[in-house]
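Colleague: Taking our numbering, the leading residue of the sequence shown gets -15, the next gets one more, and so forth.
We put the CB at the ideal spot given by N, CA and C, even for glycine.
Predicted model only: the values in this text are computed from it and were never measured.
Sharing a structure below in structure tokens format, with a few things to ask.
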Amino acid sequence: MKTESPIATAPDKSGRMAGVVERNIKALLERKKQEDERRSTQNRIADGITRFVGSMTFVYIHIVFFGVWILWNTGVLGLEPFDPSLVVLAMEASVEAIFLSTFVLISQNRMSAQADKRAELDLQVSLLTEHEVTSLIKMVRAIAQKMDIRESDNPEIDELEKNVAPEKVMDTMEEHQEEIEKS
């Protein structure tokens, strides 16, 4: 009798994902929704402006606005110029750029903080997984030794049975990074 793993990620015959995968997706989406609802008014405004500024609608509005301004003030439309040197247009564009870049930076800072939280979660899950796999290796090796299976004496398993100390990994990574930067 063949049974399917409850943590399989491949869709079943009906095309649905395993229950645990769907539950995790729903939990992550719910968490994102809660975080979005907890945003401050300032962050909501900055995100809304950033979203609009990053749209083609914003580009089209600017093409029309700047196009009309330039055509008007160069005399192409036959109207009395109000900014013949286009200095006011340049100043307006500069001020707009300052504000828009500030809104984008506010949104990026918030998104960076979210990415840091996700990276921390990924690290915690990875460390937990590493610990669990190490424990499984120890158990399987003990079973293999009890059953007198030759592969249980593989010296690589000795290395795999050791728990990884995250701080040691970080120290080693920093040492190697410093060596690379010196050379």
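(1) Among the candidates Thr34, Asp132, Lys166, Arg23, whose CA atom is the shortest distance from the CA of Ala81?
(2) Do you know how far the Cα of Ala11 is from the Cα of Lys17?
(3) Does the distance from the CB of Ser119 to the CB of Ala128 come in under 7 Å?
(4) If you follow the alpha helix (DSSP H) that Met123 is in, where does it begin and where does it stop?
(5) Taking buried to mean at least 16 other C-beta atoms within 10 Å of its own C-beta, is Arg7 buried or exposed?
(6) Starting from the C-beta of Glu145, find all residues in its chain whose C-beta is less than 8 Å away, skip the five residues before and the five after it, and write them out in chain order.
(7) Alpha carbon to alpha carbon, how far is Glu165 from Phe42?
(8) Along the chain, where does the alpha helix (DSSP H) that runs through Gly32 open and close?
(9) Can you give me the start and stop residues for the alpha helix (DSSP H) that Gly62 sits inside?
(10) Under three-state DSSP, which class holds Lys16?
(11) Is Ser136 helix, strand or coil by DSSP?
(12) Does Glu7 come out as helix, strand or coil in the three-state DSSP assignment?
(13) Can you tell me the Cα-Cα spacing of Asp155 and Trp53, whole angstroms?
(14) So is Phe91 buried or exposed if we call it buried at 16+ other beta carbons inside 10 Å?
(15) Determine whether the beta carbon atoms of Val148 and Glu104 lie at a separation below 7 Å.
(16) Let me know if Ala97 comes out buried or exposed under the rule of 16 or more other beta-carbons within 10 Å of its beta-carbon.
Modeller: The answer reads as follows:
(1) In the sequence shown, residue 81 corresponds to position 97, counting from 1. Of the candidates Thr34, Asp132, Lys166, Arg23, the one whose C-alpha sits nearest the C-alpha of Ala81 is Thr34.
(2) Taking the sequence shown and counting its residues from 1, one reaches residue 17 at position 33. Taking the sequence shown and counting its residues from 1, one reaches residue 11 at position 27. Lys17 and Ala11: Cα-Cα distance of roughly 10 Å.
(3) Position 135 of the sequence shown, counted from the first residue, corresponds to residue 119. Position 144 of the sequence shown, counted from the first residue, corresponds to residue 128. In this structure, Ala128 does not lie closer than 7 Å to Ser119 by Cβ.
(4) Counting from 1 along the sequence shown, the entry for residue 123 is found at position 139. Looking at the DSSP string, the run of the alpha helix (DSSP H) that includes Met123 is 71 to 130.
(5) Counting from 1 along the sequence shown, the entry for residue 7 is found at position 23. Per the 10 Å Cβ criterion, exposed.
(6) Position 161 of the sequence shown holds residue 145. Hits under 8 Å: Thr118, Ile121, Lys122, Arg125.
(7) Here residue 165 refers to the residue found at position 181 of the sequence shown. Here residue 42 refers to the residue found at position 58 of the sequence shown. The alpha-carbon atoms of Glu165 and Phe42 are separated by roughly 43 Å.
(8) Indexing the sequence shown from 1 puts residue 32 at position 48. Per DSSP, Gly32 belongs to the alpha helix (DSSP H) from 25 to 37.
(9) Position 78 of the sequence shown, counted from the first residue, corresponds to residue 62. Under the DSSP assignment, Gly62 falls outside any alpha helix (DSSP H); it carries neither an H nor an E label.
(10) Position 32 of the sequence shown holds residue 16. DSSP places Lys16 in helix when its eight states are reduced to three.
(11) Within the sequence shown, the letter at position 152 stands for residue 136. Ser136 falls in the helix class under three-state DSSP.
(12) Taking the sequence shown and counting its residues from 1, one reaches residue 7 at position 23. The amino acid at residue 7 is misidentified as Glu; the sequence shows Arg. DSSP places Arg7 in helix when its eight states are reduced to three.
(13) Here residue 155 corresponds to residue number 171 of the sequence shown, with the count starting at 1. Here residue 53 corresponds to residue number 69 of the sequence shown, with the count starting at 1. Each residue's Cα considered, the two are about 59 Å apart.
(14) Along the sequence shown, one-based indexing puts residue 91 at 107. The amino acid at residue 91 is misidentified as Phe; the sequence shows Ser. Result: buried.
(15) Working through the sequence shown from its first residue, we reach residue 148 at position 164. Working through the sequence shown from its first residue, we reach residue 104 at position 120. Not in contact: Val148 and Glu104 (Cβ atoms no closer than 7 Å).
(16) Residue mapping note: residue 97 aligns to position 113 of the sequence shown, counting from 1. That one is exposed.
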